[in-house]
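Report on one structure; see the data block that follows.
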Amino acid sequence: MIRIEYQAFFKLPTLFIIIQLVLSCSRFDLKQAEPEQLQTASESNLDRILQKGSLDVIIDYNSVDYFIYRGQPMGFQYEMMDYFAKEMGLKLKIHVVESLDEAFSKLYNGKADIVAMGITVTSERRRLFDFTDPLLITRQVLVQKLPKDWRRISTRNELETRLIRTSLELAGKTIHVQAASVFRKRLEVLADEIGDTIMIIDDNRDVEELIEAVSDGQIEFTVADEHMALVLESFYDEIDVRTPLSFPQKISWAVGKEQNNELLLEINKWLAEFSVSVSGRMLYDKYFSGSRIISRRRSDYHSMTGGRLSPYDGIIRVVAGEIGWDWRLLASLIYQESEFKPDVVSWAGAYGLMQLMPVVMEQFGIDSMASPEDQIKVGGRFIQYLDLQIPESITEPEERIKFILASYNSGIGHVLDARRLAKKYNKNPDIWTDHVDFFMQNKSKPAFYRDPVVYYGYARGEETHRFVVDVLERYSHYKNLIPD
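The numbering of the sequence shown is the numbering used here, which starts it at 127 and goes up by one.
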């Protein structure tokens, strides 16, 4: 029986962390890079991160670690990093790259703080980077297609005789592996150990695509890390992943190398606590218990498979084009308002996909009987109406979007009040973040909403501030994973 062993992180009886290790051709060369370039500065890496207020993390895009499902960014690694960032009071910025070498290059050059892709720890990599305590210990396994008649095979012993179960049986076989991956090196060692030839084909497809190719009969064999292979086996019932090819290997996250690595210490401390927390165990159940992961993966609204955000993507694209927005931004706004549910009614009486107030629906000639398409069309017209109310002095497109979003949530009057407060207190009234948004957040306090420059009084400003942040954060995930 194949068994995965665990280190201190999440001592659970079954598989906990699912990470696809992506390695493909890249310009970064671990052997030529010099660790001397990574000398620590006067302040620690954690201090620098806290000062900038954000955590730049590279996460792999795959069926478990980071994806979009029904409009919501999800994923085990993504949610883990989100927990950690919130614990540290940091904004989480997710980056997706083409290969692990590219990820290492960004980490080496200070363009990322953490590579949370589940990395095999090697002595060569330790020269340049520090690694967290092991998240898990896994092995490389052979992925092979089951016999065509495997369902009619009466005994397990008979099935075993028709599958490769020892490295000696790899002699003369052709195995496709992800280009530039550690899998090639392992197969080369095995070929030397068995004293025979193994035909190794470097393939530009990623691990998931190669496993699917085995299941479809396009190729005979590939190699994957066991933890990823076991999950993908649940998607493709035509494959077998029970033949180990390597000894156990440590899997960790990577951070920049520092003499006094406070970030590493903080992560390890957090991992030790999170591993035994209720939140940690619930996160495990969310992704690895029952059939939920399978049903998500097969949905039309999974970014890895169907690639759709909602049933309304078509009309969202049309309306977004009419108002000059990226359709994914408009989709993020709609998700924030209704989670793509066309009949939702809020406590305040706002209705439908875009949570339009009755007075707005009346202004634009619709009511609660309007179709989802008409709701979105009117929502687009309302956005254009708000845009016309925003002062022309706000010329930066990204800033203008923030003002429109805030006005959509709270009304243009409260936003204009916040601008007047910003101007009064020597902040820039044409910049939302760290200027106008501060006064919007505090517009629920008497000292602000009773100020003589305020015309529209009290507002639930913290809610509006959160609305803008949430819509734009989700939009960043959509841009990461959903084609424009």
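Quick reminder that beta carbons are idealized off the backbone N, C-alpha and C, glycines included.
Keep in mind the model is a prediction, meaning the values are calculated, not measured.
Residues bridged to residue i (per DSSP)
i      : result
MET200 : PHE193
GLY382 : PHE255
MET325 : THR300
HIS221 : ILE184
TYR581 : The partner list for TYR581 (beta bridge, DSSP) is empty, contrary to what the question assumes.
PHE347 : GLN270
LEU482 : TYR477
PRO370 : VAL267
ILE365 : LYS271
HIS428 : TYR195
ALA242 : ILE185
VAL340 : None; VAL340 has no bridge partner.
VAL402 : Its beta-bridge partners do not exist; DSSP assigns none.
LEU262 : ILE377
Residue i, buried or exposed, once every other Cβ within 10 Å from all chains shown has been counted against 16
i      : result
ALA474 : exposed
LYS395 : exposed
ARG543 : Position check: residue 543 holds Asp in this sequence, whereas Arg was assumed. With 16 or more other Cβ atoms within 10 Å, it is buried.
TYR601 : buried
PRO555 : buried
ALA573 : exposed
THR246 : buried
SER494 : exposed
THR292 : exposed
MET207 : buried
ASP563 : buried
PRO199 : buried
ASP366 : buried
Pair within 8 angstroms by beta-carbon distance, residue i and residue j
i      : j      : result
LYS503 : VAL445 : yes
ILE509 : TYR534 : yes
LYS571 : ALA585 : no
PHE309 : GLN266 : yes
LEU272 : GLU364 : yes
TYR103 : SER458 : Any answer about residue 103 is impossible in this case: the structure gives the chain only from 127 up to 610.
VAL183 : ALA242 : yes
SER180 : LYS219 : yes
TYR192 : GLY201 : yes
GLU463 : GLN489 : no
LEU409 : GLU205 : yes
GLN567 : GLY587 : yes
ASP303 : ASP275 : A small correction: the amino acid at residue 303 is Val; Asp does not occupy that position in the sequence shown. Going by C-beta atoms, VAL303 is not nearer than 8 angstroms to ASP275.
TRP379 : ILE240 : yes
ILE194 : SER429 : yes
ILE377 : GLY244 : yes
SER425 : GLY432 : yes
LEU389 : LEU172 : yes
Cβ shell of residue i (< 7 angstroms), same chain only, five flanking positions each side left out
i      : result
GLN165 : Here the model assigns GLN165 a pLDDT of 48, short of 50, so the residue's position is not dependable and the matter cannot be decided.
GLU448 : GLY506
TYR581 : GLY539 and ASP543
Own chain partners of residue i with C-beta closer than 8 angstroms, once the 5 adjacent residues on each side are dropped
i      : result
THR623 : Residue 623 is absent from the model: the chain starts at 127 and stops at 610.
PHE466 : ARG196, GLY197, LEU435, SER436, PRO437, TYR438, ILE460 and LEU479
PHE373 : ARG265
ASP577 : LEU547 and LYS550
6 angstroms Cβ shell around residue i - same chain, five flanking residues per side excluded
i      : result
GLU250 : LEU156
LEU358 : ILE337
PHE593 : ASN535
ALA339 : ILE345
PHE617 : Only positions 127 to 610 of the chain appear in the structure, and residue 617 is not among them; the question remains open.
ARG253 : PRO161
Separation of residue j from residue i, as counted between CA atoms
i      : j      : result
ILE520 : HIS540 : 16 angstroms
GLU224 : ASN606 : 12 angstroms
VAL333 : ASP256 : 25 angstroms
VAL471 : ALA496 : 13 angstroms
LYS237 : GLY382 : 10 angstroms
TRP453 : LEU289 : 49 angstroms
LEU628 : TRP451 : Because the chain is modelled from 127 through 610, residue 628 falls outside the range shown and cannot be assessed.
GLY343 : VAL269 : 12 angstroms
VAL579 : LYS553 : 14 angstroms
LYS412 : SER341 : 26 angstroms
ARG526 : THR590 : 15 angstroms
LEU226 : TYR234 : 12 angstroms
SER307 : GLN158 : 18 angstroms
PHE347 : GLU522 : 53 angstroms
GLY491 : VAL597 : 27 angstroms
ILE516 : ASP500 : 25 angstroms
LYS212 : PHE154 : 32 angstroms
ILE320 : LEU262 : 29 angstroms
LEU313 : LYS232 : 29 angstroms
ASN387 : ILE326 : 39 angstroms
LEU285 : GLU599 : 49 angstroms
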